[in-house]
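Once you know that position 14 of the sequence shown is 14 in the UniProt record's numbering, the rest is easy, because the numbers rise by one and skip nothing.
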Amino acid sequence: MNLVDYVAATEAARARINGWTAAATPTRSISSRRNALDPSTRLVLVNAVYLKGAVGALRRLGRPKKAPFTPGGRRHHAGRHDEGLVRGGRRRPPAPATPPSRSRMPGANLP
Numbered sequence: 001m002n003l004v005d006y007v008a009a010t011e012a013a014r015a016r017i018n019g020w021t022a023a024a025t026p027t028r029s030i031s032s033r034r035n036a037l038d039p040s041t042r043l044v045l046v047n048a049v050y051l052k053g054a055v056g057a058l059r060r061l062g063r064p065k066k067a068p069f070t071p072g073g074r075r076h077h078a079g080r081h082d083e084g085l086v087r088g089g090r091r092r093p094p095a096p097a098t099p100p101s102r103s104r105m106p107g108a109n110l111p
């Protein structure tokens, strides 16, 4: 956590936040605009995620395309949903009206 003084040094606070963001995300140029902070600012929450990987390979693939989710093949499948039937899924059997009797429960014969 970094504490800054928004009231007495608004622009210095903005510069410090931008400096932290630039250091945390060296391949991106992200910064807040001038006068984005004022004396009424109480909190600026900044988060950075570092992903270690071949970003260049991802950029060569181009923009993402919309397509149905098909894990492991061409067939579209949606699993079960809490409310019952969903596209491509099966209806779940109804829950029993009463819990099973104690004698049929695993470990019921233990002392």
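By construction, the Cβ of each residue, glycine as well, lies at the ideal position given by its N, Cα and C atoms.
Inset, instruction - Round the Cβ separation of Val7 and Arg16 to the nearest angstrom and send it over; I've been treating them as touching at under 8 Å. - result: About 14 Å separates the two Cβ atoms, so there is no contact after all.
Legend entry - Beta-carbon separation (whole angstroms), Leu37 vs Arg14, contact threshold 8 Å: 5 Å
Legend entry - Neighbour flag for Ala15 against chain D, beta carbons, 8 Å: Among the chains in the structure shown there is no chain D, since it carries only a single protein chain.
Legend entry - Segment limits, alpha helix (DSSP H) that includes Asn18: Thr10 to Ala24
Inset, instruction - Using alpha carbons as the reference points, say which of Ser40, Asn35 and Trp20 lies closest to Asn2. - result: Trp20
Inset, instruction - For Arg34, collect the residues of the same chain with a Cβ closer than 7 Å to its Cβ; drop the 5 residues on either side in sequence, then sort them by chain order. - result: none
Inset, instruction - Ignore the nearest five residues each way along the sequence and tell me which others in Ser40's own chain have a CB closer than 7 Å to its CB. - result: none
Inset, instruction - In angstroms with no decimal places, state the Cα-to-Cα distance between Ala22 and Lys66. - result: Near 32 Å, if we compare the C-alpha coordinates of Lys66 and Ala22.
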